[in-house]
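Input: a single structure, listed below in structure tokens.
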Amino acid sequence: MIKRIYNPEEKQAYLIIAHKDDLVFNTLLKMLDHSKNDIFIHMDIKNNQYDEENVEDHIKNASLYHVERTSVTWGGESQINAELLLLEKATSIGKYQHYHLISGADLPIKTQEQIQSFFESNADKEFLRFENDRFEYADRVRYYHLLQDKVGRSHNIFLQGIEKVIVSLQKFFHIHRNKDIIFQKGTNWFSITDEFARYVVSMKPWIKETFKYTYCCDEVFMQTLIINSPFVNNLYHKEFDNSPYAIMRLIDWTRGKPYIFLVLDYDELCESEMMFARKFDSVVDKEIIKKIYNTFS
884 MIKRIYNPEE KQAYLIIAHK DDLVFNTLLK MLDHSKNDIF IHMDIKNNQY
934 DEENVEDHIK NASLYHVERT SVTWGGESQI NAELLLLEKA TSIGKYQHYH
984 LISGADLPIK TQEQIQSFFE SNADKEFLRF ENDRFEYADR VRYYHLLQDK
1034 VGRSHNIFLQ GIEKVIVSLQ KFFHIHRNKD IIFQKGTNWF SITDEFARYV
1084 VSMKPWIKET FKYTYCCDEV FMQTLIINSP FVNNLYHKEF DNSPYAIMRL
1134 IDWTRGKPYI FLVLDYDELC ESEMMFARKF DSVVDKEIIK KIYNTFS
């Protein structure tokens, strides 16, 4: 087992993948603006109204960094690339206790002091969630999804049709790439240690080669890396049962895709043992965002 000793001088690194500069995103930044945090932002380049300097001017206590802005497409390898850009930037800046990947639609549901205390007491733990102990999504990695970064969640019937034909032809000819790798799937959001973060960055060439032209493998590559390494012994939650405790994030897939929290969920959010929750949407409900800020800031 890889052990590490808690260092009170180490900060937390927050890696944010966002595409909207809205009330949720700005509330998230205000709630993370703490001297023991550094914040790293990947804002989708498709947001041409985003002003980096304006955002930086509003951060008073944390250090804030932007990474190269790229176009991120749902289900494409571009999502993995955005995560790698964030990890590369953060590991080049310093050594952090944990690196927390969150989205611009997330909010903390504990105070910064509570969050820091929790992760300080689990300084050597990796927070990654696994769905189950067998990989049931082989099509994601077995075939070449050549157009996924163009198709995304769009309703372009022409591109969708071509993508289906490409995959069908591979099935017909029994194409099977990545035969010798043990894959695993879970949630893409994570909190990982400095040691594992640097290991992930060191594996960038392998990640690029293995997950090029794959489908929704932002939910696969990190889990696959850790189960094939000694870091698997440091998982905070060792069961592969899709438990929220594995990543300490409240995400509800039973009421939505995922569910957007409302003001009527305030008590549930406050009573949760999780550190973060997703997701929130100011168009759907502004009041819950304001209440979370007022409660946990």
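Going by the working numbering, the residue at position 31 of the sequence shown is 914; the numbering climbs one at a time, nothing skipped.
In this text, a Cβ means the ideal position worked out from N, Cα and C, and glycines have one as well.
Bear in mind the structure is a predicted one, so any value in this text is a computation, not a measurement.
If you follow the alpha helix (DSSP H) that residue i is in, where does it begin and where does it stop?
i     : result
I976  : 960 to 976
F1159 : From DSSP, F1159 is part of no alpha helix (DSSP H) but of the beta strand (DSSP E) over 1159 to 1161.
L1052 : 1040 to 1055
Y1149 : 1149 to 1154
E892  : Element bounds for E892: n/a, residue is neither H nor E.
N937  : 935 to 940
K943  : From DSSP, K943 is part of no alpha helix (DSSP H); its letter is neither H nor E.
K1087 : 1087 to 1094
In the structure shown, what three-state DSSP assignment does residue i receive?
i     : result
Y1119 : coil
N1061 : coil
G1139 : coil
F908  : helix
S954  : coil
F1104 : helix
S1180 : coil
I1110 : helix
K1169 : helix
L1251 : Here the chain comprises residues numbered 884 to 1180, so residue 1251 is not present and cannot be evaluated.
M914  : helix
E1019 : coil
D1032 : helix
L932  : Note that residue 932 is Gln in the sequence shown here, rather than Leu. In the structure shown, Q932 sits in coil (DSSP, three-state: anything other than H, G, I, E or B).
A1006 : coil
K886  : The predicted position of K886 is uncertain, since its pLDDT is 48 and thus under 50; no value can be drawn from it.
K919  : coil
Y1027 : coil
F1144 : coil
S1126 : coil
Y1098 : coil
Pull up the CB-CB distance for residue i and residue j, whole angstroms please, since I reckon it's below 8 Å.
i     : j     : result
A1080 : G987  : Wrong, their Cβ atoms sit about 21 Å apart, outside the cutoff.
Q1043 : V1034 : 6 Å
D904  : N944  : Rounded, the Cβ-Cβ distance is 20 Å, inconsistent with contact.
H981  : S1074 : 5 Å
K1199 : F1018 : Lying outside 884 to 1180, the shown extent of the chain, residue 1199 is not represented and no answer is given.
F1104 : E1014 : No, F1104 and E1014 are not in contact; Cβ-Cβ is about 15 Å, not under 8 Å.
P1127 : M1158 : P1127 to M1158, Cβ: 10 Å. No contact.
Figure out for me which residue from the options has the closest Cα to the Cα of residue i.
i     : options                    : result
F1094 : R1023, N920, P1127         : R1023
Y1119 : F1018, N1005, I1109, E960  : N1005
T1076 : M914, N1125, I1130         : I1130
H941  : T910, R1012, T974          : T910
S1085 : T974, L947, I922           : T974
F1179 : D1164, E1154, V1103        : E1154
V1167 : Q895, V907, A896, K894     : V907
I1175 : Q895, K913, A896           : K913
L1147 : W1136, I1172, F1001, H1038 : I1172
S1112 : W1072, Y1142, I1065        : I1065
A1160 : R1012, E1009, D989         : D989
E1170 : M1157, I1143, M1158        : I1143
D921  : H949, K929, Q932           : H949
R1060 : W1072, Y1096, K1087        : Y1096
N1125 : I899, N1117, Q1106         : Q1106
In the DSSP output, which residue or residues are listed as bridge partners for residue i?
i     : result
I924  : I899, H949
P991  : F1159
F1013 : G1069
I1075 : Y982
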